[in-house]
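Visitor: In the numbering used here, the protein residues as written are 3 to 498.
This is the structure I want to talk about, given as structure tokens.
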Amino acid sequence: MTFELHKGTNIEVLRRMTPNSVDSVVTDGPYGLSREPDMAEVLRHWLAGDDYDHKASGFMGKGWDSFVPGPAVWREVFRVLKPGGHVFAFSGTRTYDMAVLAMRLAGFEIRDQFAWVYGSGMPKSLDIGKAIDKAAGAEREVVGQRDRYLDGRERQNLGDKNQVYGKGLTANGVADVTAPATAEAATWDGWGTAVKPAWEPIVLARKPFPGTVAANVLKHGTGGLNIDACRIPVDPIADAAQLRTMNRSARDGSDGWGMNSTGADAPQVVRAEGRWPANLLHDGSDGVLAHFPTEAGAVTPVRGTEPSAASVGLITGEYARVPGAFHADAGSAARFFYCAKASTAEREAGLDGLSVQLVGRGCAAAAAAAAAGKTDSHGKGGFNRVQQRRNIHPTVKPIAVGRWLQRMITPPGGTTLDIYVGSGSFGASAILEGFNFIGIDIDDDGEGNPLGYLDIARARCEWAEGEVIRERQRREQELREAAARAAQAGLFEEAV
Ligand SMILES: C[S@@+](CC[C@H](N)C(=O)[O-])C[C@H]1O[C@@H](n2cnc3c(N)ncnc32)[C@H](O)[C@@H]1O
Numbered sequence: 003m004t005f006e007l008h009k010g011t012n013i014e015v016l017r018r019m020t021p022n023s024v025d026s027v028v029t030d031g032p033y034g035l036s037r038e039p040d041m042a043e044v045l046r047h048w049l050a051g052d053d054y055d056h057k058a059s060g061f062m063g064k065g066w067d068s069f070v071p072g073p074a075v076w077r078e079v080f081r082v083l084k085p086g087g088h089v090f091a092f093s094g095t096r097t098y099d100m101a102v103l104a105m106r107l108a109g110f111e112i113r114d115q116f117a118w119v120y121g122s123g124m125p126k127s128l129d130i131g132k133a134i135d136k137a138a139g140a141e142r143e144v145v146g147q148r149d150r151y152l153d154g155r156e157r158q159n160l161g162d163k164n165q166v167y168g169k170g171l172t173a174n175g176v177a178d179v180t181a182p183a184t185a186e187a188a189t190w191d192g193w194g195t196a197v198k199p200a201w202e203p204i205v206l207a208r209k210p211f212p213g214t215v216a217a218n219v220l221k222h223g224t225g226g227l228n229i230d231a232c233r234i235p236v237d238p239i240a241d242a243a244q245l246r247t248m249n250r251s252a253r254d255g256s257d258g259w260g261m262n263s264t265g266a267d268a269p270q271v272v273r274a275e276g277r278w279p280a281n282l283l284h285d286g287s288d289g290v291l292a293h294f295p296t297e298a299g300a301v302t303p304v305r306g307t308e309p310s311a312a313s314v315g316l317i318t319g320e321y322a323r324v325p326g327a328f329h330a331d332a333g334s335a336a337r338f339f340y341c342a343k344a345s346t347a348e349r350e351a352g353l354d355g356l357s358v359q360l361v362g363r364g365c366a367a368a369a370a371a372a373a374a375g376k377t378d379s380h381g382k383g384g385f386n387r388v389q390q391r392r393n394i395h396p397t398v399k400p401i402a403v404g405r406w407l408q409r410m411i412t413p414p415g416g417t418t419l420d421i422y423v424g425s426g427s428f429g430a431s432a433i434l435e436g437f438n439f440i441g442i443d444i445d446d447d448g449e450g451n452p453l454g455y456l457d458i459a460r461a462r463c464e465w466a467e468g469e470v471i472r473e474r475q476r477r478e479q480e481l482r483e484a485a486a487r488a489a490q491a492g493l494f495e496e497a498v
């Protein structure tokens, strides 16, 4: 297993790569959450085969995040991907349509949309009442204080001594509450412009291929999804009702998993080794788990002859009942892939050799304050927690999500590509999964200076290589100990 990291724009690096050489792509490109483009102009460029250059800044002021990847870069990805090769590409809820259209225009077939659901999103909403007062030049009276972290963000690391706190936010996370100063502001008090982000779409696309999936898999190793390797472990508590049904079927002499009467090709949705993977991932946070049912769902196959649930009114008899596979949707959030957002420890693992930097909004002001020996800074923006980090990338994805997605679409020992590698989360995940990895990042601050992303990515990939070696050594040690125990037991038996 090897990894290579390339500095440069992805389109240029991709142009130098061999056609049909990559098995899969898992990537997390720009979400393009900047000002709305003129869509007609975007389409004019895209349909003429040109790139569209959007002049705006994206997430946390990053120029590279201003617009979604266009068809030109996806055409290059299409070229290097083997026929039948899949792409998982993260995108924003607001710009998913454009992100996916660009892939379609490049020739990709859209296979599915996955949802990554999490509880830690932060609403970026304009307080309309405050904006009215500000426009009127009216001073608002401070009438109390409140905990800012309860605005939609879980309280985290408040005791972290490495943090410097910005204007409007004290070390205990308390902010001023102000009252409307004008009648108009009072009318619009409580109105905003955005809800809290709680999920991100991930498109699953595939490069079309001639012939059948079976023939393509045999020829190129691509075209299918590794369902069994991505099954969701059955949870003995959350899935108790499901397991009871499975055991009953086993006693009845059926296949044991409730799949006895649904036809030879019906998928085994639940097996002892896990549930069929679904197109939903979640972070396991309390807020997200609260939205999942804990009761059992459909626990037997639908034969199509069952009476409708309604016995009066228009919907009666067998209307709209069609035979279907065993739903196996009992249980809770445990039926979906779970992965917490990347922890600080995970982001920083392997980075001991890199220097510490300040990250977050208002870091320049915080750096000045820290240099002057102050623990509170008054940078611009009202919510600017500044932290000392080695991994300074603003959008680090969890390694476990990368592992699951790469495992699903990459043949064993295959090569997976990330055309927006950032801090290398998907490089580390590929190495831990035993895949070869190619990563590309522009790593540029917009003025020709490297931001250090590729240094971080390299250190994290090397850390992952070390983890693989450490894990192998641990297993070998276990085997040696087991062999020694067996030999000792053998000696003992001979002696008696
Ligand atoms: C959303 S971040 C990826 C973060 C990554 N998944 C991680 O976990 O660290 C996108 C990255 O794409 C890079 N980028 C943006 N435009 C690019 C381009 N045209 N070519 C190569 N890299 C680019 C940026 O420098 C940024 O690091």
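Every residue gets a Cβ at the ideal spot worked out from N, C-alpha and C, and that includes glycine.
Kindly examine ligand 1 and report whether one of its heavy atoms sits closer than 7 Å to the Cβ of residue 90.
Guide: no
Visitor: Looking at C-alpha atoms only, which residue of 290, 235, 281 is the closest neighbour of residue 275?
Guide: 235
Visitor: What's the gap between the Cα of residue 474 and the Cα of residue 43?
Guide: 54 Å
Visitor: Do you know whose CA, among 148, 105, 187, lies nearest residue 580's CA?
Guide: The question about residue 580 has no answer, for the chain in this structure spans 3 to 498.
Visitor: Who pairs with residue 441 in a beta bridge, going by DSSP?
Guide: Per DSSP, 7, 420.
Visitor: Based on the DSSP output, what are the partners of residue 146 in its beta bridges?
Guide: 179
Visitor: Measuring only the C-alpha atoms, how far is residue 178 from residue 191?
Guide: 16 Å
Visitor: The beta strand (DSSP E) spanning residue 392 covers which residue range?
Guide: No beta strand (DSSP E) contains residue 392, which DSSP labels as neither H nor E.
Visitor: Closer than 7 Å by C-beta to residue 393: which residues in its own chain qualify, once you throw out the five before and the five after it? Chain order, please.
Guide: The residues are 349, 350, 353, 425, 458.
Visitor: Taking the C-alpha atoms as reference points, what is the distance between residue 346 and residue 181?
Guide: In this structure, the straight-line span from the alpha carbon of residue 346 to that of residue 181 is close to 37 Å.
Visitor: For the beta strand (DSSP E) that residue 27 lies in, which residues bound it at each end?
Guide: Where residue 27 is concerned, the enclosing beta strand (DSSP E) stretches over 24-30.
Visitor: With DSSP as the reference, please indicate the residues paired to residue 117 in a beta bridge.
Guide: 203, 282
Visitor: My assumption, with CB atoms under 8 Å, is that residue 30 sits in contact with residue 422. Please give the rounded CB distance.
Guide: 6 Å
Visitor: Under 8 Å: do the segment 409-417 and the segment 429-442 share three or more Cβ pairs, one atom per stretch?
Guide: Yes, the segment 409-417 is in contact with the segment 429-442.
Visitor: How about residue 213 and residue 219: are their beta carbons less than 8 Å apart?
Guide: Cβ distance not < 8 Å, so residue 213 and residue 219 don't count as in contact.
Visitor: What residue range does the beta strand (DSSP E) around residue 83 cover?
Guide: 83-92
Visitor: Could you round the C-beta distance between residue 117 and residue 201 to whole angstroms and report it? I think they count as a contact, below 8 Å.
Guide: Taking a contact as a CB-CB distance under 8 Å, the pair residue 117 and residue 201 counts as one, their CB atoms being some 5 Å apart.
Visitor: Under the rule that 16 or more other beta-carbon atoms within 10 Å means buried, what is residue 49, buried or exposed?
Guide: exposed
Visitor: Check the DSSP bridge columns for residue 490 and list the partner residues they point to.
Guide: The partner list for residue 490 (beta bridge, DSSP) is empty, contrary to what the question assumes.
Visitor: Looking at the unbroken alpha helix (DSSP H) that takes in residue 361, where does it start and where does it end?
Guide: Taken as a continuous stretch (DSSP letters only), residue 361 belongs to no alpha helix (DSSP H), being part of the beta strand (DSSP E) at 359-361.
Visitor: On the CB-based measure, 16 or more other CB atoms within 10 Å of its CB, does residue 302 come out buried or exposed?
Guide: In this predicted model, residue 302 has a pLDDT of only 42, less than 50, meaning its place in the structure is not dependable enough to derive any value.
Visitor: Could you compute how far the alpha carbon of residue 16 sits from the alpha carbon of residue 4?
Guide: Cα-Cα distance, rounded: 18 Å.
Visitor: Does the Cβ-Cβ distance between residue 461 and residue 400 come in under 8 Å?
Guide: no
Visitor: Can you tell me where the alpha helix (DSSP H) holding residue 189 begins and where it ends?
Guide: 185-189
Visitor: Is residue 452 near ligand 1, with its Cβ less than 7 Å from a heavy atom?
Guide: No; taking the cut-off as 7 Å, the Cβ of residue 452 has no heavy atom of ligand 1 nearer than that.
Visitor: Under a Cβ-count criterion, where at least 16 other Cβ atoms within 10 Å of its own Cβ denotes burial, should residue 466 be classed as buried or exposed?
Guide: buried
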